[in-house]
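In this note's numbering, the protein residues as written are 422 to 736.
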Ligand code: SF4
């Protein structure tokens, strides 16, 4: 029977997600026209649905927005080709890309005339697509992918690597070591690109995993950082599981059958606190003596990104 829940801290919304959501809200406040957002603003259905209720229109491609309208780019960033298309269509552009993703784009732009790039990331993820649009890059997802690049990299040209911000810290370390082994001339950046929020949320799970029977990760199945949290938890506690909302919580199957008495809960960087509350309430309704506490060694996420003065660029 479930007796105890430990809530991980930090968990849930990161500074980049808060920035992107407040960016869209602010743009909406300053215009009477429709506001379109290209792609999910962050990878979470609840966040998107709440914005739709407030009148925000989500589109997959710019062609769905009328010429001259206001379009905001999502937190994951876009490639220069998308910016160009927006300019061609005379759209008013708002860029809600997380500043930590923008930093990776800038590195690519600054070095693209001199360097070859390896990009460590996940194929098809919005952030990877956006960053890889800045310059030609070889995508790797594993150490095997690095081996496979042996005949493709020019050893006479400087080589460096960039990475998606939401990767597994430990798996990426192994890939970076492999890059150094296969390409000894590679220039290692002074700092990697995995963001503070990804690192801290993974550290919080690693810290508490020995004290729980399993972790519950709240996050969407297209949320890279949520999937990395699950992967990390399952390495030590295989009964750990991920759900997107309270509706998906099947208590007999996920808790009872696995004999879970102490459950750790964390949430991906795009999952709002309301989802954590709803899931805890559902568990409390089922287990009347359930204790819910912050994990004792928790710490706060105090990072904050300020919105720019000019939210919209007019073409
Ligand atoms: S997870 Fe990191 S890179 Fe992604 S939005 Fe949050 S702070 Fe930015």
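A virtual CB, placed ideally from N, CA and C, is assigned to each residue, including glycine.
Given the structure is predicted, the values throughout are model-derived calculations rather than measurements.
inquiry  = My output table needs one value for residue 714: the three-state DSSP class, helix, strand or coil.
reply    = By 1-based counting over the chain shown, the position of residue 714 is 293. The answer is strand: DSSP assigns residue 714 an E or B state.
request  = Kindly indicate which three-state DSSP category residue 554 falls into: helix, strand or coil?
outcome  = On the chain shown, position 133 is the one that residue 554 refers to. Coil, per DSSP.
Length of the line joining the Cα atoms of residue 480 and residue 460 = For the purposes of this step, residue 480 is taken as residue 59 along the chain shown, with counting starting at 1. For the purposes of this step, residue 460 is taken as residue 39 along the chain shown, with counting starting at 1. Within the model, the alpha-carbon separation for residue 480 versus residue 460 is close to 6 Å.
inquiry  = Quick check on residue 507 - is its C-beta less than 8 Å from some C-beta in chain C?
reply    = Among the chains of the structure shown, chain C does not appear; only one protein chain is present.
key: Classification of residue 715 by the beta-carbon crowding that lies within 10 angstroms, buried from 16 upward   = Here residue 715 corresponds to residue number 294 of the chain shown, with the count starting at 1. With fewer than 16 Cβ atoms within 10 Å of its Cβ, residue 715 is classed as exposed.
ask   = Cα separation between residue 441 and residue 423?
value = Along the chain shown, one-based indexing puts residue 441 at 20. Along the chain shown, one-based indexing puts residue 423 at 2. C-alpha of residue 441 to C-alpha of residue 423: approximately 36 Å in a straight line.
query = How would you label residue 505, buried or exposed, when you count the other beta carbons within 10 angstroms and need 16 or more for buried?
reply = For this step, residue 505 is matched to residue 84 along the chain shown. Exposed, by the Cβ-count rule.
message = Distance check for residue 732 and residue 641, CA to CA, integer angstroms please.
response = Residue numbering aside, residue 641 sits at position 220 when the chain shown is read from its first letter. Residue numbering aside, residue 732 sits at position 311 when the chain shown is read from its first letter. Going by the C-alpha atoms only, they are around 28 Å apart.
ask   = The beta strand (DSSP E) spanning residue 515 covers which residue range?
value = For the purposes of this step, residue 515 is identified with residue 94 of the chain shown, where counting begins at 1. Segment 513 to 516, the beta strand (DSSP E) holding residue 515.
task = Write down every uninterrupted run of the alpha helix (DSSP H) in the region 617 to 667 whose length is 4 residues or greater and which is fully enclosed by it, in chain order.
result = Qualifying alpha helix (DSSP H) stretches, in chain order: 617 to 629 and 645 to 657.
message = Between which two residues does the alpha helix (DSSP H) holding residue 524 run?
response = Here residue 524 refers to the residue found at position 103 of the chain shown. Residues 520 to 532.
ask   = Just to check, is the beta-carbon of residue 521 closer than 7 Å to a non-hydrogen atom of the ligand SF4?
value = On the chain shown, position 100 is the one that residue 521 refers to. The answer is yes for residue 521.
task = Return the bridge partner residues of residue 459 from the DSSP annotation.
result = Translated into positions along the chain shown, residue 459 becomes position 38. Note: residue 459 sits in a beta bridge opposite 480 and 494.
DSSP state of residue 690 mapped onto helix, strand, coil = Within the chain shown, the letter at position 269 stands for residue 690. For residue 690, the secondary structure class from DSSP, reduced to helix, strand or coil, is coil.
request  = Could you name the residues that DSSP lists as bridge partners for residue 422?
outcome  = Counting from 1 along the chain shown, the entry for residue 422 is found at position 1. None; residue 422 has no bridge partner.
message = Using a Cβ-Cβ cutoff of less than 7 Å, which residues in the same chain neighbour residue 443 once the five nearest sequence positions on both sides are dropped?
response = Residue 443 sits at position 22 when you count from the first residue of the chain shown. Same-chain partners within the cutoff: 728.
key: residue 581: first and last residue of the uninterrupted beta strand (DSSP E) it sits in   = Numbered from 1 along the chain shown, position 160 holds the residue referred to as residue 581. 580 to 584 is the extent of the beta strand (DSSP E) around residue 581.
ask   = Does the beta carbon of residue 435 fall short of 7 Å from some heavy atom of the ligand SF4?
value = As a working mapping, residue 435 is identified with position 14 in the chain shown. Yes, the ligand SF4 has a heavy atom inside 7 Å of this Cβ.
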